[in-house]
Amino acid sequence: MHSARFALPLHFEGKKSKMDNRKATLELGTKPVGKLLAQYALPAIVAMTASSLYNMVDSIFIGQGVGALAISGLAITFPFMNLSGAFGAAVGVGSSTMISVRLGQKDYATALNIFGNCVSLNAIIGVVFACISLYFLNPILLFFGASEQTLPYAREYMEIILLGNVVTHMYLGMNAILRAASKPRQAMYATIFTVVLNTLLDPLFIYVFGLGIRGAAIATILSQLTALCWQCRLFSNSSEIIHFERGIYHLKGYIVKTIISIGLSPFFMNTTACLIVIIFNKSLFAYGGDLAVGAYGIVHRISFIFFMVIFGLNQGMQPIAGYNYGAMLFDRMLQVLRYAIIGATVVAIAGWLVSEFLPYYCSRMFTNDTKLISMAEHGLRIANITLPIVGFQVVVTHFFQSIGKAKVSIFLSLSRQLLFLLPVLLVLPHFYQLDGIWLSFPISDVIASLVAFVILWKYLRKLTKHQKLQSNG
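Read left to right, the sequence shown gives residues -15 to 457 (the working numbering).
Next comes the structure, spelled out in C-alpha cells:
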C-alpha cells in the first residue's frame, strides 16, 4: 500500500485514468484480433448463457411454488417480453454501434452525446411502452393465447414487469454501452449479478412472502434495479470516456435517426420472433395438439442454448468491427468477421451433433412422457439438420449491423424469419402436417444463408475495389 506522500494529485489522477481508458479503447485498433475477440466475446457468452439458465431456473421456481397453470401463464408472457425487448434492443444496439464507430474515429464528444441520447430514449420508450401495454394488457395477453385459467397469472406477472419496464430498458441499454466502451467484463458482471440475485430473491418472494408469480416478477425488477445502480456508479466517473455529463441528454435529430435506423435490425428480429412463436404455437396445436406445442418448447430450449453462445460471440465482434470500420482498418475488421464466422460455425456444428445423435437424452431432461419425448426427438432431428450453416447467417447479419449498414442488416434479419420461414410455415403443413412445420426450419435456413453469402460476397468485392483505388491514388 502506498503512503500519502507518493499519491498523485487528484486532477492528475483523473487525466491519467482518462488516458488509460482511451488507451484501452485504442487497443481495439492495435491488439491482435484473436485476443480481442476472446476478450470481448467470452464475457458476453458467459452472460448470455447465464441469462438462458436463469429463464429455466425462474420457470422451475414458479412451477414448484405456484403450480402448473402459473407455468402456462408465464409462457404466455414470453412473446410480450420479446416485444418489450425489441424496443430496448433497438436503442441499445443502435447506440452501442454508433459509439463504437465514433470511438474508432476518435470523435469522443459525439460518442458522449450518443450515450446521453441513449439514456433519454430508453427512459421515454420505457415509460410509453409500459403505459400503453398496461392499458391494453388483457386484450394483448388474450391475443398471445391466454385462456380464462392462465390470464390471471399472466396479468399478475406482467403488471409488475411493466411497472419496472424503464428499469429493464435502462439496464439493458447500459450493458450495451459498457461493451462498446471497452468494458465487456463489467457488462458480464452486471448480467451475472442480476441472474444470481434473482435466483436468490425468487424463493424469498415466492415461498417466504407468499407473493406467488408476482414475487417472481418483483425479484426480476429488483435484481435489474440493483445492477442498474452499479452501472450508474460506473458511468458517474468523469475520468471515463463515456460518462454522465450535463448537456448530453437533449435529443438530437441526426443521432436519434441513426440510432433507430441501426437498431431497426434487432427490433425486427425480436418482433418477427414474437410473431413466429405465436404462429408456430397455433400451427402445432392444430396438427399435433398440446404435446406438439410442448415438443416445440423442448426443441426451442435446446437450440436456444447454442444460439446464445453465437449471440455472445456477435456481441464480442460488434465493438471490434465497428471501431476498425470507423478507423478504416478494414483488414482487422475482416479478420474479426472471419474469426466470428469460424467460431459460430463450430458452435452450430456442436448443436447439430447434439440434436442428431443425442435427441433422446435432451428431451428426457424435460419430461418423462414417452410420447412427448418421441415427438421432441423427431422435431430436433429435422429442425436442426441444417444448423451448421445458421451460424454463418447470424454472424453476417450482426456484422453489417456492427458497421452501421442498417438497410442490409434489416433485410438479412427479416429474411430468415419473415421472408422465408413464415411463408414456408404457412404452406408446408398443408402437405406434410406436423413434419411440414419441422421442415420449415431447415428450408428457410438454407435460403437465408445463401442470400447472406451473396450479399457478403458483393460487399467484399466492393470493399476490395475501394481499397485498390485508395492504394493507387
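Even for Gly, the Cβ is constructed at its ideal location relative to N, Cα and C.
Check	Outcome
C-alpha gap between THR256 and TYR119, whole angstroms	23 Å
Pairwise C-alpha distance: PHE177 and SER131	35 Å
Reduced DSSP category for ASN76 - H, G, I as helix; E, B as strand; rest coil	Checking the sequence, you will find Gly at residue 76 rather than Asn. Helix.
Whether VAL151 touches LEU212 by CB criterion (8 Å)	yes
Environment of THR61 [buried if 16+ CB atoms lie within 10 Å]	buried
Coarse secondary structure for PHE120, derived from DSSP in three states	coil
Endpoints, the alpha helix (DSSP H) within which GLY388 is located	It is not in any alpha helix (DSSP H) - GLY388 carries neither H nor E in the DSSP assignment.
LEU235, DSSP secondary structure in three states	coil
Cβ neighbour criterion (16 or more within 10 Å) applied to MET(-15)	Reliability of the predicted coordinates at MET(-15) is poor, the pLDDT of 36 falling under 50, and the value obtained from them is presented with this limitation in mind. Looking at its Cβ environment, which holds fewer than 16 other Cβ atoms inside 10 Å, MET(-15) is exposed.
Nearest-angstrom Cα separation, counted from LEU185 out to TYR191	10 Å
Close-in-space but distant-in-sequence residues of the same chain around LEU206 (CB under 7 Å, 5 per side omitted)	LEU185
Close-in-space but distant-in-sequence residues of the same chain around GLY110 (CB under 6 Å, 5 per side omitted)	ASN149, VAL150 and HIS153
GLN385 versus LEU248, LEU371 and ILE286, residue with shortest Cα-Cα distance	LEU248
DSSP state of HIS382 mapped onto helix, strand, coil	helix
Of the listed residues ALA74, SER428 and LEU447, nearest to LYS241 (C-alpha basis)	ALA74
Every unbroken alpha helix (DSSP H) within the stretch 106 to 174, with a cutoff of 4 residues, ordered by chain	121 to 127, 135 to 147 and 149 to 164
Spatially closest choice to SER424 from ILE369, VAL408, ASN159 and SER358, by CA coordinates	VAL408
With 16 other Cβ atoms within 10 Å as the buried cut-off, status of ILE116	exposed
Given ASN106 as reference, the closest of SER80, ARG365, ASN122 and LYS442 once Cα atoms are compared	SER80
Backbone secondary structure at LYS449 - three-state DSSP	helix
Contact check, LEU162 vs GLY72, beta carbons under 8 Å	no
Extent of the continuous alpha helix (DSSP H) to which LYS355 belongs	354 to 367
As assigned by DSSP and simplified to three states, the class of ALA311	coil
For GLY363 and TRP336, the rounded distance between their alpha carbons	13 Å
Other residues of its chain near GLN89: CB distance less than 8 Å, five sequence neighbours each side excluded	GLY310 and ALA311
First through last residue of the alpha helix (DSSP H) which encompasses SER347	343 to 348
Assigned secondary structure, HIS227 (DSSP; H/G/I helix, E/B strand, else coil)	coil
Neighbourhood of ILE98 by C-beta, 8 Å cutoff - its chain only, sequence neighbours within 5 removed	SER79, MET82, ILE83, ARG86, ILE239 and ILE243
Cβ shell of GLN319 (< 7 Å), same chain only, five flanking positions each side left out	VAL17
Expected contact under 8 Å - CB spacing of ALA31 and LEU297 to nearest Å	Actually they do not touch by this definition, with Cβ atoms about 12 Å apart.
Residues near ARG169 in its chain [Cβ-Cβ closer than 8 Å; skip 5 each side]	PRO27
Helix, strand or coil at GLN89 according to DSSP, with G and I counted as helix	coil
Chain-order list of residues whose beta-carbon lies under 7 Å from that of ALA164 (same chain, five-residue window excluded)	SER80, ILE83, SER84 and PRO303
Simplified DSSP assignment, three categories, for PRO16	coil
Pick from ARG445, GLY194 and GLY69 that is closest to PHE113, judged by C-alpha positions	GLY69
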